[in-house]
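So the structure is just underneath, and the comments pick up after that.
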Amino acid sequence: MKRIITLNTRDLEASKQNGGCGECQTSCGVANQKCENANK
Amino acid sequence: MVHTFTCCGVNIAVDSVSGSVHVVDEVALDVINNFENIADKGVVQAIALRHGVTIEDVSDCAADVKELAARGMLFCRDTFRPDVEKLAKRDTVVKALCLHVAHTCNLDCDYCFAAQGKYHGERALMSFEVGKRALDFLVENSGSRHNLEVDFFGGEPLMNWQVVKQLVAYARSIEPACGKNFRFTLTTNGMLLNDEVIDFCNREMHNVVLSLDGRKQINDHFRKTAAGVGSFDVIVPKFQKFVAARGDREYYVRGTFTHRNPDFMQDILAMLELGFDKLSMEPVVCPPDSPYALTEEDKPIICRQYKLLAEELIRRAEQGRPFTFYHYMLDLAHGPCIYKRISGCGSGTEYLAVTPAGELYPCHQFVGEKGYLLGDVWKGVTNTAVTEKFKRCNAYSRKECETCWARLYCSGGCAANSFHATGDVNGVYAYGCDLFRSRMECALAVNAVSALKEQK
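Just so you know, the protein sequences line up as chains A and B, in that order. Just so you know, the first sequence maps onto residues 1 to 40 in this note's numbering. Just so you know, the second sequence maps onto residues 1 to 456 in this note's numbering.
What follows is the structure, given as structure tokens:
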């Protein structure tokens, strides 16, 4: 029986490498942002 | 740090550092909550007894949790602090401006932080020349950024509509030569919406915010003309016409809730009834001694509304009548990178507000605050001490955030809210933190329920 289901979330450690481009929309929350580089 | 909670019928464990989200059953929830002592046979036995399962079941579950921990998806160690210092020392570029095209308003809303749109100053309209210079300033200071954002704000921006159109035309004319893409947005009270404005917005505005507080009696209590006439009957038909013409482009109807309506779910339902399906309801920003300021007694009522809202969102989605609530629109798989999560909205560094006179402020909620004037669109940012302060305002700059599971979702919160609540941009607006965490749990639950359905 599967007691834990892990959802597909962005790897924040890996985002050190593919993040930081600054092209995402300005937020006024960050949690709701989308990122075009998340899959790169 | 792992945060566990139950919402909308699902148990969730969030690893606050890695961003991993797990949906767990009762046994796994218990194992995670007692993981520190899981090597103790007595603890394993107690968990087995509590849930009517075997010791072997609990041990298997503990092994799964251990494996997730080994893979950095639970109890992950925070290694981001060195990046915080790097971010604080970075050279920043400006990528977004909030253009206050009108420091005047045709409504007289009691709770408006902009004080009838004038920001505690004189009535003023931005000239095309000042706006044009602001756009040039943005291009000149945007470095290699391709996407630039310009927000038409006020006061009521439609009271300076010709200048809005001129500025959009000017920006479009310089896009090819400077290799930039302007994304325009507009926030309006709707009083001056007409066919021409609707048509223009649908061509040029990436997003439009329509201000409405929900139920007629709630809206008209605060959102009224200087003569005291409520705006509901004027703006609702205009908003309905706008939304009908908007198609699938972005808009949202945004309300403010106050001490008068902590039961704001009723206002959400009223908006849905009116045919609006992209919604946002936000807590009022005001001095704590205001008669409409939210109180401690309001807090459990508000948190309850967030849960009711999450349940309604799930229910309507199942019925094929979906709607969106802005704060619940998480994209777990394609969300922001760690740098964005640490640094937050970029106010005072990447995002600036411009007054009708061309003055620069850290954001729209700082306009008129002495000591936060950064410079102007001709000389640029000259008050670099304030910019430095904002560069260091992030998810790691407050001691209180160290023990908060949600810090990489809120990035340390809103600097303006902190400033208005405590007098310091690095202060903590604890009330706002409580609401944010409540909202975030609901947002994660809504997304978890949706993800589970997709997996099935």
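The beta-carbon is built from N, C-alpha and C at its ideal position, and this holds for glycine as well. Values in this document were obtained by computation on a predicted structure and should not be read as measured data.
Reference residue i; option with closest CA among the options
| i | options | result |
| --- | --- | --- |
| N194/B | G154/B, V236/B, F153/B | V236/B |
| D298/B | R341/B, Y431/B, H327/B | Y431/B |
| L12/A | D15/B, T256/B, D136/B | D15/B |
| G348/B | L360/B, T4/B, H221/B, I338/B | L360/B |
| P283/B | E175/B, Y372/B, C303/B | C303/B |
| G380/B | C61/B, F137/B, T54/B | F137/B |
| K370/B | N394/B, A46/B, F419/B | F419/B |
| V164/B | V197/B, K180/B, N181/B | V197/B |
| V234/B | Y252/B, R254/B, L212/B, D248/B | L212/B |
| K307/B | V446/B, G423/B, S343/B, E318/B | V446/B |
| V139/B | E175/B, A46/B, D110/B, F153/B | E175/B |
| F276/B | Y292/B, T295/B, F257/B, K238/B | K238/B |
| R260/B | H146/B, G320/B, Y111/B | Y111/B |
| D434/B | L294/B, F80/B, C61/B | L294/B |
| G459/B | G72/B, Y292/B, E273/B, Q365/B | Nothing about residue 459/B can be read from this structure; chain B reaches only from 1 to 456. |
| F153/B | K180/B, R172/B, A96/B | A96/B |
| A88/B | K389/B, Y409/B, W378/B | K389/B |
| F113/B | C286/B, G72/B, V44/B | C286/B |
| G42/B | S59/B, E26/B, A28/B | S59/B |
Buried versus exposed, by CB contacts within 10 Å (16 or more), residue i
| i | result |
| --- | --- |
| R50/B | exposed |
| G228/B | exposed |
| N8/A | exposed |
| T92/B | buried |
| A124/B | buried |
| A14/A | exposed |
| P362/B | buried |
| S18/B | buried |
| D78/B | exposed |
| E318/B | exposed |
| D376/B | buried |
| Q455/B | exposed |
| T355/B | buried |
| G247/B | exposed |
| A102/B | buried |
| P288/B | exposed |
| G19/A | buried |
| T403/B | exposed |
| A534/B | Given a span of 1 to 456 for chain B in the structure shown, any question on residue 534/B remains unanswerable. |
| I55/B | exposed |
| T26/A | buried |
| S438/B | buried |
| T256/B | buried |
Near the ligand PLP: residue i beta-carbon under 7 Å from a heavy atom
| i | result |
| --- | --- |
| E196/B | Among the components modelled here there is no ligand, and therefore nothing to report on the ligand PLP. |
First and last residue of the uninterrupted beta strand (DSSP E) at residue i
| i | result |
| --- | --- |
| M440/B | It is not in any beta strand (DSSP E) - M440/B instead sits in the alpha helix (DSSP H) that spans 430-455. |
| M73/B | Element bounds for M73/B: n/a, residue is neither H nor E. |
| Y351/B | 351-354 |
| D15/B | 10-15 |
| I5/A | 4-6 |
| T185/B | 181-188 |
| F5/B | 2-7 |
| F153/B | 147-154 |
Residue i versus residue j - alpha carbon distance
| i | j | result |
| --- | --- | --- |
| R133/B | E441/B | 43 Å |
| Q17/A | I32/B | 30 Å |
| V84/B | Y396/B | 7 Å |
| C109/B | N417/B | 19 Å |
| K496/B | T104/B | An answer regarding residue 496/B cannot be provided, because it is not within the stretch 1 to 456 covered by chain B. |
| L374/B | P300/B | 39 Å |
| P82/B | D331/B | 26 Å |
| F128/B | G179/B | 22 Å |
| D267/B | L309/B | 11 Å |
| L269/B | T258/B | 17 Å |
| V428/B | L452/B | 35 Å |
| A171/B | F35/B | 56 Å |
| D64/B | M1/B | 17 Å |
| Y326/B | K278/B | 7 Å |
| M462/B | E26/B | As displayed, chain B neither begins before 1 nor continues past 456, which places residue 462/B out of reach and without an answer. |
| G413/B | E400/B | 12 Å |
| M265/B | Y252/B | 16 Å |
| R249/B | I47/B | 50 Å |
Residue interval of the alpha helix (DSSP H) (run including residue i)
| i | result |
| --- | --- |
| F257/B | Where F257/B is concerned, there is no enclosing alpha helix (DSSP H), although the beta strand (DSSP E) it sits in stretches over 250-257. |
| E196/B | 195-204 |
| F390/B | 384-391 |
| P300/B | 298-318 |
| F264/B | Element bounds for F264/B: n/a, residue is neither H nor E. |
| Y361/B | Taken as a continuous stretch (DSSP letters only), Y361/B belongs to no alpha helix (DSSP H), being part of the beta strand (DSSP E) at 359-361. |
| F232/B | 232-246 |
For residue j and residue i, believed in contact at Cβ under 8 Å, the rounded distance
| i | j | result |
| --- | --- | --- |
| R254/B | S280/B | 4 Å |
| H146/B | N106/B | Between N106/B and H146/B the Cβ distance is about 36 Å, and since that is not below 8 Å, they are no contact. |
| S411/B | R341/B | 6 Å |
| S142/B | V94/B | 6 Å |
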